[in-house]
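Taken in sequence, the protein lines are chains W and V. Quick note on full-length UniProt numbering: the first sequence kicks off at 1 and runs consecutively. Quick note on full-length UniProt numbering: the second sequence kicks off at 1 and runs consecutively. From the three backbone atoms N, C-alpha and C, an ideal C-beta is built for every residue, glycine too. Since the structure comes first, as structure tokens, the remarks are kept for the end.
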Amino acid sequence: MEQIIKVKSLAKFFGNYPALEDVHFEVNKGETFGFLGPSGSGKTTTIKILTGQLLATSGDAFVFNQPTASLNKAKYRRKFGVLTDNSGLYDRLTIYDNLKLFCDLYDVPAKRINNVLEMVNLENEQKKMVSKLSKGMKQRAQLARAFLHEPELLFLDEPTSALDPANSKHIYDGLRELTKGGTTIFLTTHDMHEAETLCDRVAFLHKGKIQLLDEPKKLRRQFSDSSLQVLLKDGRELLLPGGPNGAKALYEHMQADKVVSIHSNEPTLGDIFVGITGRELV
Amino acid sequence: MTFSMKRVLAIFNKDLKDLSKNMFVSTSILMPLVLAAIYGRMAEDLSIESYYLVINLAFTMTATFIQCAIIAEEKEKNTLRGLMLSPATIPEIFSGKSLVAFLLSIVTIVVSSIFMEYYPENVALVAVAIVVSTLFYIALGTLLGLLARSVVEASVIIMPVVFLLGFGSFIETLMDKYPILHFAEYLPNLQLIEFATKVQAGSGLTDVWSHLSVITAWFLIVSFLTIVIFKKKEIDA
Ligand SMILES: Nc1ncnc2c1ncn2[C@@H]1O[C@H](COP(=O)(O)OP(=O)(O)OP(=O)(O)O)[C@@H](O)[C@H]1O
Ligand SMILES: [Mg+2]
């Protein structure tokens, strides 16, 4: 499988402060890779290094098989799109004029503007000045700009942090369309539901290192203690352990016809995360 | 490396639209124009010093300040990064971003000159000096814009520039008093006045090329510094 991002022993110090200590991972072409971690764990820092905005202190980072420091050539810049907290828009221009500028910079026909605005549900606001937009609308406009030029690789730093559920869902559909077309997505998020919905694999970044990296499904299985949640007719809720003891108890309740429902007690990504980091995602 | 005029013009168009809605910055061209109009009505025959008081003011207020403010704002609003991450090259970005200030300066100076009825003896020669000076003042604006963190800071940083380069005759008075300040005669604004005075008295290129070279040297030095500062800021350490 072709790897579009390769990171080896990556470290980044701000002064003496280690934002990243020893980070290793690879992102396969076409996958949606979730980069999760508590606030301040270095997610944005990693994106800045990968897009050539920030120098690493040590280690290797390759994107499109290029060291990230040499990504400043036009031919590579066309191949990736970025949304981070420093992807500003021009306040005094309309959404359309903002996107038109980037159409010209990336040699993209202006008719593409309508497509991307549809994807972010802003097609009716394109004549609005950016300074008049709500936070969520601004975020969607930035998102539209990030994939305006149909990049092969898309870096999205908390793309839905300001969005309502309906708009988030609309964006998820759009992002899935992009992945179908072969786009690779590097996504950071604090929203575990988003990570489970979108990501083929997720990495947990904590204390400067990747603590876990796998498919969400496999992680849930790995951290499942195979216990069962059982609701009884008398209203009691039981948590039965896996193994013979649980099985015996379950058998007895079922025999007595007291069971309303049985649920597996699989952990969510959020549970796993809290288990590893010992803290909630903020 | 290719140089795409399309990208330069895209950035220029964007800045022009943006500036037309940015009263704080765009009204800075008014000061030299108003001054020129007043001078034009007040006196019949103005001295070269008066013409160039207005012209040097136009340079600092239009070329340097507008350039400085729009670069600082791109940094403040996090939009410069978007340009830098696009396929636009550094020369394309800076050409596009300088074009608005360049055209506005030239227009301001031409209109001011008409208001003041300043008709140089050798228009072509003076035009060359004006263009070279404009390039210097824009490079200076770019440099200061890279150093300023916000538009507000930009409008503070510009003060000493307006003082030193905009009101040149004031320095000349000081120079007469304190000989130690004589190096100031190499300032680009005073060089331009010297140049224009000689041209008005009928001198040709052979007599004034030294002044032109000094202004060009200023442009080159400031451009070099700008590139150094930009390279330092392009990738955060
Ligand atoms: N330019 C900088 N100078 C000094 N420290 C920095 C700089 N940028 C980031 N840091 C520090 O590096 C650490 C990681 O920051 P980063 O922005 O990458 O976190 P994050 O995972 O994106 O957090 P969040 O989820 O809140 O966005 C933080 O402790 C932050 O204070
Ligand atoms: Mg972040």
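Span of the alpha helix (DSSP H) around residue i
| i | result |
| --- | --- |
| G174 (chain W) | P165 to K180 |
| Q222 (chain W) | P216 to F223 |
| Q191 (chain V) | P188 to Q200 |
| H24 (chain W) | No alpha helix (DSSP H) contains H24 (chain W), which is instead part of the beta strand (DSSP E) from Y17 to N28. |
| F230 (chain V) | L205 to E234 |
| F102 (chain W) | I95 to Y106 |
| D271 (chain W) | L269 to T277 |
| H182 (chain V) | No alpha helix (DSSP H) holds H182 (chain V); DSSP gives it neither H nor E. |
| A154 (chain V) | V151 to V161 |
| G82 (chain V) | L80 to L85 |
| A74 (chain W) | A74 to R77 |
| A195 (chain W) | M192 to L198 |
Ligand 4 heavy atom lying under 7 Å from the CB of residue i
| i | result |
| --- | --- |
| D157 (chain W) | Among the ligands modelled here, namely ligand 1 and ligand 2, ligand 4 does not occur. |
Beta-bridge partners of residue i, as assigned by DSSP
| i | result |
| --- | --- |
| H263 (chain W) | W:Q229 |
| P91 (chain V) | Per DSSP, none; premise fails for P91 (chain V). |
| Q66 (chain W) | W:V63 |
| K6 (chain W) | W:E26 and W:F62 |
| F204 (chain W) | W:L36 and W:L212 |
| residue 283 (chain W) | The first residue shown for chain W is 1 and the last is 282, placing residue 283 (chain W) beyond what the model contains. |
| L135 (chain V) | Looking at the DSSP assignment, L135 (chain V) forms no beta bridge with any residue, so it has no partner. |
| L54 (chain W) | V:D236 |
| F80 (chain W) | W:L153 |
| A11 (chain W) | W:S58 |
Cβ-based neighbour list, residue i, same chain, cut-off 7 Å, excluding 5 preceding and 5 following
| i | result |
| --- | --- |
| F147 (chain W) | G81, V116, L154 and L178 |
| L20 (chain W) | L10, A11, K12, G42, T45, T46 and G208 |
| I109 (chain V) | I55, A58 and I130 |
| L135 (chain V) | F219 |
| G243 (chain W) | none |
| Q191 (chain V) | H211, V214 and I215 |
| A124 (chain V) | none |
| D107 (chain W) | none |
| N114 (chain W) | E123 |
Chain-order list of residues whose beta-carbon lies under 6 Å from that of residue i (same chain, five-residue window excluded)
| i | result |
| --- | --- |
| T46 (chain W) | none |
| M119 (chain W) | G174 |
| H263 (chain W) | Q229 |
| F62 (chain W) | K6 |
| I93 (chain V) | L83 |
| L212 (chain W) | F204 |
| I4 (chain W) | V27, K29, L153 and T184 |
| L231 (chain W) | E237, V260 and S261 |
| Y137 (chain V) | F59, A63 and T64 |
| D200 (chain W) | E31 and T32 |
| I229 (chain V) | L146 |
| R7 (chain V) | A88 and E92 |
Other residues of its chain near residue i: CB distance less than 8 Å, five sequence neighbours each side excluded
| i | result |
| --- | --- |
| R221 (chain W) | E266 |
| G202 (chain V) | E121 |
| D207 (chain V) | K198 |
| M175 (chain V) | L181, H182, A184 and E185 |
First through last residue of the beta strand (DSSP E) which encompasses residue i
| i | result |
| --- | --- |
| L187 (chain W) | T184 to T188 |
| E237 (chain W) | E237 to L240 |
**OP:** Select from the region 96–110 of chain W all residues with a C-beta closer than 7 Å to any C-beta belonging to chain V, and list them in chain order.
**Re:** D97, L101, F102, D104, L105 and Y106
Subject >> Every unbroken alpha helix (DSSP H) within the region 4–65 of chain V, with a cutoff of 4 residues, ordered by chain >> reply: 5–20, 23–26, 30–42 and 48–58
**OP:** Pull out every residue of the region 149–162 of chain W whose Cβ sits closer than 8 Å to any Cβ of chain V, in chain order.
**Re:** none
**OP:** Could you name each continuous alpha helix (DSSP H) segment of 4 residues or more that falls completely within the region 82–161 of chain W, going from the start of the chain to the end?
**Re:** 95–106, 112–119 and 135–146
Subject >> Those runs of the alpha helix (DSSP H) which lie wholly inside the region 100–126 of chain V and span at least 4 residues >> reply: none
Original post:
Can you list, in chain order, the residues of the region 88–99 of chain V whose Cβ is nearer than 8 Å to any Cβ on chain W?
Top reply: A88 and T89
Original post:
Of all the residues that make up the region 20–33 of chain W, which are near chain V by a beta-carbon distance shorter than 8 Å?
Top reply: none
**OP:** Would you list, in chain order, the members of the region 79–92 of chain W that have their beta-carbon closer than 9 Å to a beta-carbon of chain V?
**Re:** F80, G81, V82, T84, D85, N86, S87, G88, L89, Y90, D91 and R92
Original post:
Relative to chain V, which residues along the region 45–61 of chain W have a C-beta separation below 8 Å, given in chain order?
Top reply: K48, T51, G52, Q53, L54 and L55
Original post:
For the region 63–79 of chain W, which residues have a beta carbon sitting closer than 7 Å to at least one beta carbon of chain V?
Top reply: A74, R77 and R78
**OP:** Could you name the residues of the region 67–80 of chain V whose beta carbon sits closer than 8 Å to any beta carbon of chain W, in the order they occur along the chain?
**Re:** K77, N78 and T79
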